[in-house]
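Take a look at the structure below.
There are 2 protein chains.
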Amino acid sequence: MIRVLLAEDQAMVRGALVSLLGLEPDIEVVGEAASGPEAVAVAREVRPDVALLDIEMPGGDGITAAAMIREEVPDCRVVILTTFGRPGYLRRAMEAGAVAFLVKDSPASELAAAVRRVRRGERVIDPDLAAVALSAGPNPLSPRERDVLAAAADGSTVGDIAGRLHLSEGTVRNYLSSAIHKTHARNRIEAVRRARSQGWL
Amino acid sequence: MIRVLLAEDQAMVRGALVSLLGLEPDIEVVGEAASGPEAVAVAREVRPDVALLDIEMPGGDGITAAAMIREEVPDCRVVILTTFGRPGYLRRAMEAGAVAFLVKDSPASELAAAVRRVRRGERVIDPDLAAVALSAGPNPLSPRERDVLAAAADGSTVGDIAGRLHLSEGTVRNYLSSAIHKTHARNRIEAVRRARSQGWL
DNA sequence: GATCGACGGTGACATTTGTCAGATCCGCCG
DNA sequence: CGGCGGATCTGACAAATGTCACCGTCGATC
């Protein structure tokens, strides 16, 4: 029996995935969580064989949760389950110690299959996505550029961002400018979109 | 036996929801679709009692699909199932003839419950969301303002938008300016965010 | 028939944004 | 030690953005 923890913020989707896994005779969902920190807590408690973590969750993403679970429950294999197959996500997931990366676009049957494969010690990564992630290279944004771009994403003005990050307006403009350059964008909105689609934010 | 059509673009979520509904003895999933147009086609084919439609789908959203299904299969009750409980979505869903509006945040048990209730002729709408939708009022953006704002959402410049919509740059700026005003935003990025969060885009 | 709102436009203006050339620190690496 | 890159800043400049006032045409509505 493979003991699985499932972390996913949308209750209906979580319930549906539980029922999907429930169809498998050799898989048992022993814990559920709706946020990253909750997933870590539950993992510590139930010590599952496999943790299925969504990336897009409120209050700390699935990737940080993955790293913490690897540390606290070393025997637990971490599978990342995400809506978006972004290269940067895959890279960060691997660095956080995940052994599988599934996108929700793939057929439902993949889920149970992936759980079994990671339990046997295999890795499960979509080869196309892996190729894209490798060819795209790592995140070119410096930490500070990333911060500033993220702060600009919600429509804040340069002044707002400068205040929030305790920087001068000129510095903020400089970081934005270089982020725009590195993302091959023409303005901050495009830069934000490109960075997002690459999983750099 | 309640015959259900399920339209949802993410295959894994779709499969999971099918398995969830499969647990119910009185519910049978008789059709699946991954896009709006496909949902309409399948509905015409299988004539389900209830159609469960996701809003966020590629190639024509679930709301237009809802309207078309109502027209072509009048006996079919339409349930909208969405990630985001946006007031504007609810309003448009109701105008398109949907009888229920579910957010994926709600517990998995709500799904089967809603299917049964709409089959009995009831409507299923979260009271809180309904209150928000009513108090927020209708979409204040004129069709053209909406077009221009939508075109600005991906980081296009005024020139790009003007070209794409066959308008002068001045006109584009005017529409953007009034959209920014109506959304109480300070720039186009904020305007896009606000309009999105209200379901006006 | 007058009024109103949506549509489309012009021109001028102030503000914001994006770019560039520097400059200073600091830590790291050969 | 010297050099390099990251972080931070300044000042100046050009381009894009946002605002405003005002002009017309429609079609609907009172």
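Residue numbers (this note's numbering), protein chains in the order written: chain D, 946 to 1146; chain E, 946 to 1146. Where a beta carbon is used, it is the ideal one built from N, C-alpha and C, also for glycine.
For chain D, check one thing: does any of its Cβ atoms lie closer than 8 angstroms to the Cβ of E:LYS1049? The beta carbon of E:LYS1049 falls within 8 angstroms of a beta carbon belonging to chain D, placing the residue at that interface.
Beta carbons nearer than 7 angstroms to chain D: which residues of the stretch 1092–1103 of chain E have them? Here the close residues are ASP1099, GLY1100, THR1102.
Compare the C-alpha of E:THR1028 against each of E:PRO982, E:ALA986, E:LYS1049, E:ALA1136 and name the closest. E:THR1028 has its Cα closest to that of E:LYS1049, out of E:PRO982, E:ALA986, E:LYS1049, E:ALA1136.
Is the beta carbon of E:CYS1021 sitting closer than 8 angstroms to the one on E:PRO982? Taking C-beta atoms as the reference points, E:CYS1021 and E:PRO982 fail to come closer than 8 angstroms.
Quick one: which residues of the stretch 1046–1071 of chain D get their C-beta closer than 9 angstroms to a C-beta of chain E? List them in chain order. Using a CB distance below 9 angstroms, the part of the stretch 1046–1071 of chain D facing chain E consists of LEU1047, VAL1048, LYS1049, ASP1050, SER1051, PRO1052, ALA1053, SER1054, GLU1055, LEU1056, ordered along the chain.
Thinking just about the alpha-carbon of each residue, which of E:MET946, E:ALA978, E:VAL987 is nearest to the one in E:LEU968? Nearest of E:MET946, E:ALA978, E:VAL987 to E:LEU968, Cα basis: E:MET946.
Hey, out of E:THR1116, E:VAL1137, E:GLY1115, E:LEU1026, whose CA is closest to E:ILE1125's CA? Here the closest residue by C-alpha is E:VAL1137.
Tell me, please, whether the stretch 1125–1135 of chain D touches the stretch 1004–1018 of chain D by the rule of three or more beta-carbon pairs shorter than 8 angstroms. The stretch 1125–1135 of chain D vs the stretch 1004–1018 of chain D: no contact.
Contact residues within the stretch 985–1018 of chain E, judged by C-beta distance below 9 angstroms to chain D: The stretch 985–1018 of chain E vs chain D, Cβ under 9 angstroms: nothing.
So for E:ARG959, helix, strand or coil by DSSP? Correct three-state label for E:ARG959: helix.
Does any CB atom of chain E fall closer than 8 angstroms to the CB of D:GLU1135? D:GLU1135 counts as touching chain E.
Who are the neighbours of E:ARG1131 on chain D, taking C-beta pairs under 8 angstroms? Within chain D, the residues placing a beta-carbon under 8 angstroms from that of E:ARG1131 are GLY1100, THR1102, ordered along the chain.
Within-8 angstroms CB hit, E:SER980 to chain D: Not closer than 8 angstroms to any Cβ of chain D, the Cβ of E:SER980 fails to qualify, so no.
Quick one: which chain E residues come within Cβ less than 8 angstroms of D:GLN955? THR1028, LYS1049, ASP1050, listed in chain order.
Given 8 angstroms, three or more beta-carbon pairs between the stretch 1095–1103 of chain D and the stretch 1059–1077 of chain D: Contact between the stretch 1095–1103 of chain D and the stretch 1059–1077 of chain D is absent, with fewer than three C-beta pairs closer than 8 angstroms.
Just to check my reading of the structure: E:GLU1090 and E:SER1054 have Cβ atoms closer than 8 angstroms, yes? What is that Cβ distance to the nearest angstrom? Between E:SER1054 and E:GLU1090 the Cβ distance is about 41 angstroms, and since that is not below 8 angstroms, they are no contact.
The alpha helix (DSSP H) enclosing E:ALA1058, as first and last residue numbers: Per DSSP, E:ALA1058 is one residue of the alpha helix (DSSP H) stretching across 1054–1064.
Interface residues of chain D around E:ARG1138 at Cβ under 8 angstroms? Result: ASP1099, GLY1100.
Interface partners of D:GLY1144 on chain E, CB under 9 angstroms: For D:GLY1144, there are no C-beta contacts with chain E under 9 angstroms, since the nearest C-beta of that chain is about 18 angstroms from it.
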